[in-house]
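J.: Going by this note's numbering, the sequence shown opens with residue -8, and the numbers climb by one from there. Beta carbons are placed, not taken as given, at the ideal position from N, Cα and C, and that holds for glycine. In this text, all values refer to a predicted model and were calculated from it rather than measured experimentally.
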Amino acid sequence: IFDLRSKDCLGDALDYFGSPADTVYTLLLTLPYLPADMQTAVRSYIQSEFNSYPPYRYQHIGWASGAARETFITPPDVVADLGNHPPSTQLFNFDPWSFNPFNFYAVWKYAEEFGGAASLYNQVKNDLPPLPSDATLIEKPFVNNAFIAGYMGYLELEKLAGQPESTQIRNQLNRIMALRVNTFSKDSPYANAGKTNGNAYCRTLNISRNFIYMVPELADYMRANIQAQVATAVNEYTDLAPYWFVSNAQEGFAENGLNPFFDYHSIFMAKAWILQEDGTQLERYLDVPGFERGDLFYIQMLTAAIENNVPGFDLTVTPSARAIRSGEIAPFTVNVTPYGGFNQTITVSAPSPSPNLDVRLVSPSVVPPADVSMSMEHLSASQQPAVYTVTVTASGGGIVKTVDVQLLVNPYSIFLPVINR
-8 IFDLRSKDCL GDALDYFGSP ADTVYTLLLT LPYLPADMQT AVRSYIQSEF NSYPPYRYQH
52 IGWASGAARE TFITPPDVVA DLGNHPPSTQ LFNFDPWSFN PFNFYAVWKY AEEFGGAASL
112 YNQVKNDLPP LPSDATLIEK PFVNNAFIAG YMGYLELEKL AGQPESTQIR NQLNRIMALR
172 VNTFSKDSPY ANAGKTNGNA YCRTLNISRN FIYMVPELAD YMRANIQAQV ATAVNEYTDL
232 APYWFVSNAQ EGFAENGLNP FFDYHSIFMA KAWILQEDGT QLERYLDVPG FERGDLFYIQ
292 MLTAAIENNV PGFDLTVTPS ARAIRSGEIA PFTVNVTPYG GFNQTITVSA PSPSPNLDVR
352 LVSPSVVPPA DVSMSMEHLS ASQQPAVYTV TVTASGGGIV KTVDVQLLVN PYSIFLPVIN
412 R
């Protein structure tokens, strides 16, 4: 059903990567991380795609040519009909736009890499789509994301072309960026939409809507202004949709048989670009591509994971809690595990929170991977229960990480009855 009603929610975006901007934008992101020979081939491919389907001209590349992304066999009658669907220059029956403003961002990035800004600016200077109402931008935050990307791309292309900045466009961009962060909400506007309301099916986008069409510059702005709100939203989304990272997850709102790909891409990019989670952590959420070939969402996710794979280390303490009687000693193991080639000396500390608790570390300076032995002894003769929280800190290479450990002293014991079968 969502496939039928999706146009009401997000235009033609469910035709994954139908926009020529998608291919250009995604492959440009990958260039810094490719070997030299592959860079040459990818650059040639980007230029070929741009010239065949200029993002400033086409809204959708159509179905008449190109290789299939999917692995299954396309029925012969469908293959025969594909030629009847050539590239299109506009989108009909989608209120926010008839031409996706995101395309202007891709044109800027192309000019930044390959030049020709003046010529490209002349192609687009009169075509920037007008903003929809603020009500639409708030209800559909991904529409605002696309306009932010597009207006930003237009201004940056204008600068590359040596033209004076369009003050009106700059003012509009500043306004919708402020609107974006000031009206950010983790909650869906369609939560109470009844089954007779076409917008009810937009609930399919409940956890992705905030991050579709998000570009790195917008992510930076959101991190600077609403990082805590985004973290709260992402935590709730991943609790509500625990299979968010699975491509082709067999679940979804209403009659959906498969969940759209926006979930795994949007949440991953929010984690990478706004919350700046480490690449090693992000890798755990890389499932498999949604298509046999050409999953641009997955390519973007791989690129983001590589970008965030900076040297660092993980800190864990085992166990995280122990119980002892007064005078006893509780052993712990502090583990420091490096990632991303980290090889600096780490110093572990664990100050005691009480004069009644003696905390000791054996050889606290290590080069990871390494374990540090830690022990805690309760010095008081009192038999009263007590709970201590000890903060273990590991620092080195400009990185500081902490883990809290609990020690229960003289806890009450509760014994269950013996039950024989």
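From V33 to A12, what does the alpha carbon distance come to, in whole angstroms?
T.: For the purposes of this step, residue 33 is taken as residue 42 along the sequence shown, with counting starting at 1. For the purposes of this step, residue 12 is taken as residue 21 along the sequence shown, with counting starting at 1. Going from the Cα of V33 to the Cα of A12 covers about 15 Å.
J.: Check for me: the beta strand (DSSP E) holding V325 runs from which residue to which?
T.: Mapped onto the sequence shown, residue 325 falls at position 334. Counting along the chain, the beta strand (DSSP E) containing V325 begins and ends at I320 to Y330.
J.: If we count the other Cβ atoms within 10 Å of its Cβ and call it buried at 16 or more, is N93 buried or exposed?
T.: For the purposes of this step, residue 93 is taken as the residue at position 102 of the sequence shown. Note that residue 93 is Phe in the sequence shown, not Asn. Buried, because 16 or more other Cβ atoms sit within 10 Å of the Cβ of F93.
J.: According to DSSP, simplified to helix, strand and coil, what is R166?
T.: In the sequence shown, counting from the first residue as 1, residue 166 sits at position 175. In the structure shown, R166 sits in a helix (DSSP, three-state: H, G or I).
J.: Rounding to the nearest angstrom, what Cα-Cα distance links N183 and C0 in this structure?
T.: Numbered from 1 along the sequence shown, position 192 holds the residue referred to as residue 183. Numbered from 1 along the sequence shown, position 9 holds the residue referred to as residue 0. Within the model, the alpha-carbon separation for N183 versus C0 is close to 16 Å.
J.: For L209, which residues in the same chain have their Cβ closer than 7 Å to its Cβ, ignoring the five residues on either side in sequence?
T.: Start at 1 with the first residue of the sequence shown, and residue 209 comes out as number 218. So the qualifying residues of the chain are N136, I139 and A140.
J.: Under three-state DSSP, which class holds Y379?
T.: Translated into positions along the sequence shown, residue 379 becomes position 388. Correct three-state label for Y379: strand.
J.: Spell out a yes or no on whether the stretch 266 to 280 and the stretch 349 to 361 are touching, meaning 3 or more CB-CB pairs, one atom from each, closer than 8 Å.
T.: no
J.: So the candidates are R48, E319, S179 and A296; which of them puts its Cα closest to the Cα of H256?
T.: Numbered from its first residue, the sequence shown carries residue 256 at position 265. Nearest C-alpha to H256: A296.
J.: To the nearest angstrom, how far is it from the Cα of G332 to the Cα of R48?
T.: One-based indexing of the sequence shown puts residue 332 at position 341. One-based indexing of the sequence shown puts residue 48 at position 57. Each residue's alpha carbon lies about 45 Å from the other.
J.: Check A361 in the structure and name its three-state DSSP category.
T.: Within the sequence shown, numbered from 1, the residue matching residue 361 stands at position 370. Strand at A361.
J.: With a threshold of 16 other CB atoms inside 10 Å of the CB of L231, please say whether the residue is buried or exposed.
T.: The sequence position of residue 231 within the sequence shown is 240, counting from 1. Its Cβ having fewer than 16 others within 10 Å, L231 is exposed.
J.: As a quick exercise: from F41, L119, I337 and R(-4), pick the residue whose alpha carbon is nearest that of S89.
T.: Residue numbering aside, residue 89 sits at position 98 when the sequence shown is read from its first letter. If we check each option's Cα against that of S89, L119 comes out closest.
J.: By Cβ distance, which residues of its chain are closer than 8 Å to Y36, with the 5 residues on each side in sequence left out?
T.: Within the sequence shown, the letter at position 45 stands for residue 36. Only L18 meet the Cβ criterion.
J.: Count the C-beta pairs between the stretch 76 to 84 and the stretch 103 to 115 that are closer than 8 Å, then say yes if the count reaches three, no if not.
T.: In short, these stretches do not touch, since the Cβ pair count stays below three.
J.: For the alpha helix (DSSP H) that T393 lies in, which residues bound it at each end?
T.: Mapped onto the sequence shown, residue 393 falls at position 402. Premise fails: T393 lies in the beta strand (DSSP E), I390 to V400, not in any alpha helix (DSSP H).
J.: Indicate whether D362 and T324 have their beta-carbon atoms separated by less than 8 Å.
T.: For the purposes of this step, residue 362 is identified with residue 371 of the sequence shown, where counting begins at 1. For the purposes of this step, residue 324 is identified with residue 333 of the sequence shown, where counting begins at 1. Taking 8 Å as the cut-off, the beta carbon of D362 is found closer than this to the beta carbon of T324.
J.: Along the chain, where does the alpha helix (DSSP H) containing F259 start, and where does it finish?
T.: Here residue 259 is taken as the residue at index 268 of the sequence shown, counted from 1. Membership of F259 in the alpha helix (DSSP H) is indicated by the continuous run F253 to M260.
J.: Within the continuous beta strand (DSSP E) that includes I315, where are the two ends?
T.: Position 324 of the sequence shown, counted from the start, is the residue given in the question as residue 315. From DSSP, the beta strand (DSSP E) with I315 extends over A312 to I315.
J.: Closest by CA to P207, which one among Q154, A385 and T294?
T.: On the sequence shown, position 216 is the one that residue 207 refers to. With distances taken between Cα atoms, P207 lies closest to T294.
J.: What residue range is occupied by the uninterrupted beta strand (DSSP E) comprising S35?
T.: Here residue 35 corresponds to residue number 44 of the sequence shown, with the count starting at 1. Careful: S35 lies outside any beta strand (DSSP E), inside the alpha helix (DSSP H) at A27 to S43.
J.: Can you tell me where the alpha helix (DSSP H) with R351 in it begins and where it stops?
T.: Along the sequence shown, read from residue 1 onward, the residue named residue 351 stands at position 360. Careful: R351 lies outside any alpha helix (DSSP H), inside the beta strand (DSSP E) at L348 to V353.
J.: Which same chain residues end up closer than 8 Å to T127 when comparing Cβ atoms and leaving out the 5 residues on each side of it in sequence?
T.: Working through the sequence shown from its first residue, we reach residue 127 at position 136. These residues qualify, in order along the chain: D86, P87 and V134.
J.: What would DSSP say about D305, mapped onto helix, strand or coil?
T.: Residue mapping note: residue 305 aligns to position 314 of the sequence shown, counting from 1. Strand, per DSSP.
J.: Closer than 8 Å is the cut-off here; do at least three beta carbon pairs connect the stretch 281 to 288 with the stretch 210 to 230?
T.: The count of Cβ pairs closer than 8 Å, one atom from the stretch 281 to 288 and one from the stretch 210 to 230, stays below three, leaving the stretches out of contact.
J.: Report the option in L370, V327 and P342 whose CA atom is closest to the CA atom of R316.
T.: On the sequence shown, residue 316 is found 325 positions in, with the first residue counted as 1. It is L370 whose Cα lies nearest to the Cα of R316.
J.: DSSP has T384 in a bridge; who is on the other side?
T.: Counting from one through the sequence shown, the residue named residue 384 turns up at place 393. Paired residue(s): S340 and T393.
J.: Determine the DSSP secondary structure at M367, reduced to helix, strand or coil.
T.: For the purposes of this step, residue 367 is taken as the residue at position 376 of the sequence shown. M367: strand per DSSP, three-state reduction.
J.: In three-state DSSP terms, what is S419?
T.: In the structure displayed, the chain extends from -8 to 412; residue 419 sits before or after that span and is not available.
J.: Report the three-state DSSP secondary structure of S79 (helix, strand or coil).
T.: In the sequence shown, residue 79 corresponds to position 88, counting from 1. In the structure shown, S79 sits in a strand (DSSP, three-state: E or B).
J.: Return the residue from the list G303, I258 and P46 that minimises the CA-CA distance to N197.
T.: As a working note, residue 197 is residue 206 in the sequence shown. When only C-alpha atoms are compared, the closest one is I258.
J.: Quick one: what does DSSP say S110 is sitting in, helix, strand or coil?
T.: Position 119 of the sequence shown holds residue 110. In the structure shown, S110 sits in a helix (DSSP, three-state: H, G or I).
J.: Tell me the rounded alpha-carbon separation between I265 and N347.
T.: One-based indexing of the sequence shown puts residue 265 at position 274. One-based indexing of the sequence shown puts residue 347 at position 356. Near 43 Å, if we compare the C-alpha coordinates of N347 and I265.
J.: Going by Cα to Cα distance, which pick from S(-3), V383, G144 and V396 is closest to V339?
T.: Here residue 339 is taken as the residue at index 348 of the sequence shown, counted from 1. Checking every option, the nearest Cα to that of V339 belongs to V383.
J.: Excluding the five sequence neighbours on either side, which residues of its own chain have a C-beta within less than 8 Å of the C-beta of V308, listed in chain order?
T.: By 1-based counting over the sequence shown, the position of residue 308 is 317. These residues qualify, in order along the chain: F323, T324, V325, N326, M365, V383, V394 and V396.
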